[in-house]
Amino acid sequence: MNDKPFIDTNIWVYAHLQKTGSNKCNIALALLETLPVLVGSTQVLNEYYSVMLKNNVPDNLIQDNTEVIIAITDIQIIQITTIRFAHKIKLKYGFSYWDSLILATALEAGCQCFYSEDMQHKQVIEGSLMIVNPFKD
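Taken in order, the sequence shown gives residues -4 to 132; the numbers are from this note's numbering.
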């Protein structure tokens, strides 16, 4: 299940924004440290930057964190095919456009697991990508 896990923005945010020792921070950090491969996207990087800025994190720290994410993650670039696939996912599953785009990216990357606090825990998309909320019991 975890051969190519896609890491959603909220996991990175909890790992970097929550106070060390908080439950969500600990879970996010443990997840990121134990997975041998991490997959993300340019969308995740942009969302991460935006959320961190809204939380008054200094720009230089956000940039440093983003560079670490880039270094340890297989970053997928959103293509025209990804956008078209997102439209199909949106119509089929009823997700927002942005959630559909990130799911399309994970599917195109061949991921089997999508770690996120958002969306329905254990829902399977297109018969191959399972949404896993690591904060669920």
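Backbone N, C-alpha and C fix where the C-beta goes; we use that ideal spot for every residue, glycine too.
So who's on the other strand from residue i, going by DSSP bridges?
| i | result |
| --- | --- |
| G35 | I70 |
For the beta strand (DSSP E) holding residue i, just list the boundary residues, first then last.
| i | result |
| --- | --- |
| F109 | 108 to 110 |
| F1 | 0 to 2 |
| L124 | 124 to 127 |
For the putative contact between residue i and residue j, defined by C-beta atoms under 8 Å, what is the C-beta separation to the nearest angstrom?
| i | j | result |
| --- | --- | --- |
| V32 | D69 | 7 Å |
| I6 | Y88 | About 21 Å; that fails the 8 Å criterion. |
| L40 | I64 | 7 Å |
In or out: residue i buried (at least 16 other Cβ within 10 Å) or exposed?
| i | result |
| --- | --- |
| Y92 | exposed |
| M(-4) | Residue confidence is low: M(-4) scores 47 on pLDDT, short of 50, so the model does not pin down where it sits. No coordinate-derived value is stated. |
| N51 | exposed |
Could you pull the start and end residues of the alpha helix (DSSP H) that residue i belongs to?
| i | result |
| --- | --- |
| L102 | 92 to 103 |
| N51 | Where N51 is concerned, there is no enclosing alpha helix (DSSP H), given that its DSSP letter is neither H nor E. |
| L26 | 18 to 29 |
With 9 Å as the threshold, decide whether the Cβ of residue i is near any Cβ in chain C.
| i | result |
| --- | --- |
| Q58 | Of the chains in the structure shown, none is chain C; there is only one protein chain. |
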